[in-house]
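Asker:
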Amino acid sequence: MLVAAFPPFGETSAIAVAVAPLLVLARLLAPKRAALMWFIGGFAFWFATLAWMPAICKNNGPWPLVVLGWAGLAALCAGYFALCGGLTAVAWRHLGKGALALEPIFWAQFELIRAHLFTGFAWNFLGTAVGAIPSFASPARWGGVYLVSAVVVMVNGVFATLACRLIAQSGRLR
């Protein structure tokens, strides 16, 4: 769903629930397990959205190195997902429902770090996926794309909370 929210698909509405499955995992799993699941999800997302990388071969880039760089960049960016997921899971273990307020902060923080650390990779922020919806993107005037990304995670948090309640009622997660 997260991939669908970005070009070439541009299914903007998918962003409303795209991160919710990851949030559910962070709420229900141990931090190490949650971090691993977030890494796997992040790697799949980044590998799919960096699909333009093979075009480098057309410019005489050696394809083994291009594929290695593609996978390496996807893994590096997925590492930020993993850190966010692990930290979110730790917050849920220690703060319980108080972690609700931290989920959007953690996500926006790691987007900011990814954009600036080691020369940065400012690509595919959650907030950019909703740029075509002016009313949803309007918080950008106060906090930029990072605030919009945080709002997106808040919306996803609502769906994650509903999913966790359904799981708790049915008792079928395990």
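Take the sequence shown: its letter number 79 is residue 91 in the numbering used here, and every next letter is one higher.
No residue lacks a Cβ here, since even glycine has one placed at the ideal position from N, Cα and C.
Residues in its own chain within less than 8 Å of R126 by CB, not counting five upstream and five downstream?
Answerer: Correct list, in chain order: C89, Y92, G132, F133 and A134.
Asker: Take every Cβ of the stretch 143 to 152, pair it with every Cβ of the stretch 103 to 115, and state whether three or more of those distances are shorter than 8 Å.
Answerer: Too few Cβ pairs lie closer than 8 Å, so no.
Asker: Identify whether E23 lies in helix, strand or coil by the three-state DSSP scheme.
Answerer: Reduced to three states, the DSSP call for E23 is coil.
Asker: Near A86, which residues of its chain fall below 7 Å by C-beta distance, leaving aside the five closest residues on each side in sequence?
Answerer: Within the same chain, A86 has close Cβ partners F55, W58, F59 and L62.
Asker: If you measure between the beta carbons of N168 and L35, is that distance less than 8 Å?
Answerer: Yes, they are a contact pair.
Asker: Using the C-alpha atoms, what's the distance from I68 back to V163?
Answerer: Spanning the two alpha carbons is a distance of roughly 35 Å.
Asker: For V29, which of helix, strand or coil comes out of DSSP?
Answerer: V29 falls in the coil class under three-state DSSP.
Asker: Assuming Y158 contacts G143 (C-beta within less than 8 Å), just tell me the rounded distance between them.
Answerer: So it is not a contact: roughly 13 Å between Cβ atoms.
Asker: Expressed to the nearest angstrom, what Euclidean distance is found between the alpha-carbon atoms of A42 and F130?
Answerer: Each residue's alpha carbon lies about 30 Å from the other.
Asker: In three-state terms, what does DSSP make of I65?
Answerer: Checking the displayed sequence, the identity of residue 65 turns out to be Met instead of Ile. Helix at M65.
Asker: Pick helix, strand or coil for M13, following the three-state DSSP scheme.
Answerer: Three-state DSSP puts M13 in coil, outside helix and strand.
Asker: Terminal residues of the continuous alpha helix (DSSP H) containing F148?
Answerer: Counting along the chain, the alpha helix (DSSP H) containing F148 begins and ends at P146 to A149.
Asker: For A111, report the span of its alpha helix (DSSP H) as first-last.
Answerer: It is not in any alpha helix (DSSP H) - A111 carries neither H nor E in the DSSP assignment.
Asker: Can you tell me whether F118 is buried or exposed? The criterion is at least 16 other CB atoms within 10 Å of its CB, across all chains shown.
Answerer: Result: buried.
Asker: Per DSSP, what kind of secondary structure is G132 in: helix, strand or coil?
Answerer: Coil, per DSSP.
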